[in-house]
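S.K.: Numbering-wise, the numbering used here comes out as the position in the sequence shown, counting from 1, plus 9.
Encoded as structure tokens, here's the structure I'll be asking about.
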Amino acid sequence: MRLLAPAKINLHLRVAPPDGSGFHSLLSWMCTVSLFDTLSIDRADTTSIHLTSDDPGLACDDSNLVIRAAKSTLNELAPGQRGLDIHLQKRIPSGGGLGGGSSDAARTLLGLNALWKLDWPIQRLARLSAALGSDVPFFLFGPSSLCTGRGQMVQPVSRPRPKWAVLFLPALALPTPAVYRKFDEMKLGHSDALTLPPDWSSWTQESAKPLLGRLVNDLEAPALALAPELRSLRQDLEREFGRAVRMSGSGSSLFTLFDESDEAKSAVARMKERPGVRVLTTELAPVIEDDLAVP
Ligand code: C5P
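Have a look at this one:
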């Protein structure tokens, strides 16, 4: 089985102060983009789950979300010979705020549900996915959703009108827990941040520039405090592209939006080259053509 696991960007991300457990309630409009990890899943004549990856820096042990997703499915089944060989081709950078590990986990849950003909309803997969990480449930639904709670309550919404996101991927990993810790240290967050703005219903109809003007990411302040070089990169990019540039999730990836692909491609072609920063033009809410696609 060949599966494509898309990255996401947080178009909009509001964060409240921490709750009693140290987690933060949030409100986020998330959207998938056409940057994919590839999962190849084969049945094996063993009882174990074996994961390999083309990324030598990736832990392929029980800490990997793909293994954790597979084991959380197995735990619900009667014992039997359900060995797997899984290969993960990583394209989504780790520590970039693009949800790569979470997407791999969600695609594994969906893939095994099909491979083993379990026919579990999406609510059952959603329950398993929420235990794996706050962003995992979004990837079961996607491609454009409003996420609340810790991120695990997912309500699909219309896709944004702009079709293209240009991603800027600095060679810099920002671990999510560190960014939330800095957020707390800086005493950021208001509980009223979680109220949808009154004009929210019109946001999905906005073209790129006015929409960018409305988008906020409350984790930018702590992330930019931890990585000041990201602040100057963002300022330079905003000047160069003549439009707002936002951060995705807890960083370090930055993005901006375009209505049409020609406009995005010519802006990228004109931009100054920056060593250490990958630039990708991606489609928002792409159709995913893998072995889960309905023919
Ligand atoms: O759920 P996930 O594994 O993505 O969370 C990683 C870390 O980010 C958590 O351990 C927590 O420190 C922080 N976090 C948070 N509030 C959220 C999501 C994540 O504080 N809503």
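Positions of the beta carbon are idealized from the N, C-alpha and C atoms, including for glycine.
(1) Where are the beta strand (DSSP E) runs, 3 residues long or more, that stay fully inside the segment 132 to 156, in chain order?
(2) Which residues have their C-beta within less than 6 Å of a heavy atom of the ligand ADP, listed in chain order?
(3) Just to confirm before moving on: does the CB-CB distance between L35 and G160 stay below 7 Å?
(4) Three-state secondary structure (DSSP) at D94?
(5) Along the chain, where does the alpha helix (DSSP H) containing L233 start, and where does it finish?
(6) Once the 5 residues before and after E247 are set aside, which same chain residues still bring their CB inside 7 Å of it?
(7) Does the distance from the C-beta atom of P88 to that of F45 stay below 7 Å?
(8) Helix, strand or coil for E292, going by three-state DSSP, please let me know.
(9) For my contact list, F264 and L228 are in at a C-beta cut-off of 8 Å; report their separation, rounded to the angstrom.
(10) Does DSSP put R252 in a helix, in a strand, or in coil?
(11) Please report how far the alpha carbon of P219 lies from the alpha carbon of P206, in whole angstroms.
(12) If we count the other Cβ atoms within 10 Å of its Cβ and call it buried at 16 or more, is S112 buried or exposed?
(13) How long is the line joining the alpha carbons of S200 and H33, rounded to whole angstroms?
(14) Should the segment 225 to 244 be called in touch with the segment 107 to 124, which here means at least 3 C-beta pairs below 8 Å?
(15) Less than 7 Å between the beta carbons of S257 and G151, yes or no?
(16) Compare the C-alpha of A123 against each of G251, L12, P27 and name the closest.
(17) Please report the residue range of the alpha helix (DSSP H) in which I76 lies.
(18) Would you grab the beta carbon distance between L93 and R52 for me? Rounded to a whole angstrom, and I think it's under 8 Å.
(19) Is the segment 124 to 131 close to the segment 64 to 72, with three or more CB pairs under 8 Å?
(20) Who are the near neighbours of T61 in its chain, counting only those whose CB is closer than 7 Å to its CB and skipping five residues on each side?
(21) So what does K17 bridge to, in DSSP terms?
(22) Out of P284, G260, T290, which one is the CA nearest neighbour of S270?
(23) Okay, do the segment 183 to 192 and the segment 211 to 225 touch, 3+ Cβ pairs below 8 Å being the bar?
(24) Where are the alpha helix (DSSP H) runs, 4 residues long or more, that stay fully inside the segment 168 to 241, in chain order?
(25) Give a yes or no on whether the minimum CB-CB distance between S262 and chain B is below 7 Å.
(26) Would you kindly report the start and end of the unbroken beta strand (DSSP E) that includes S111?
(27) Would you mind giving the Cβ-Cβ distance between L233 and V286, rounded to the nearest angstrom? I have them listed as a contact below 8 Å.
(28) What's the C-alpha gap between L20 and D245?
(29) Within its chain, find whatever has a CB closer than 6 Å to the CB of P102; leave out the 5 residues flanking it on each side and keep chain order.
M.R.: So, to answer that:
(1) none
(2) The model depicted lacks the ligand ADP and carries the ligand C5P instead.
(3) yes
(4) The three-state reading of DSSP puts D94 in strand, counting E and B together.
(5) 229 to 235
(6) Correct list, in chain order: A253, V254.
(7) no
(8) Reduced to three states, the DSSP call for E292 is strand.
(9) Approximately 14 Å separates the beta-carbon atoms of F264 and L228; this is outside 8 Å, ruling out the contact.
(10) R252: coil per DSSP, three-state reduction.
(11) 15 Å
(12) buried
(13) 10 Å
(14) no
(15) no
(16) Closest by alpha carbon: L12.
(17) 74 to 83
(18) 7 Å
(19) no
(20) Cβ within range, chain order: C69, H96.
(21) T41
(22) T290
(23) The answer is no - the segment 211 to 225 does not touch the segment 183 to 192, with fewer than three Cβ pairs under 8 Å.
(24) 185 to 194, 217 to 223, 229 to 235
(25) The chain inventory of the structure shown lacks chain B, comprising one protein chain alone.
(26) Looking at the DSSP string, S111 is not in any beta strand (DSSP E); the run it does join, the alpha helix (DSSP H), is 109 to 124.
(27) Their Cβ separation, rounded to whole angstroms, is 16 Å, which puts L233 and V286 out of contact at 8 Å.
(28) 20 Å
(29) L178.
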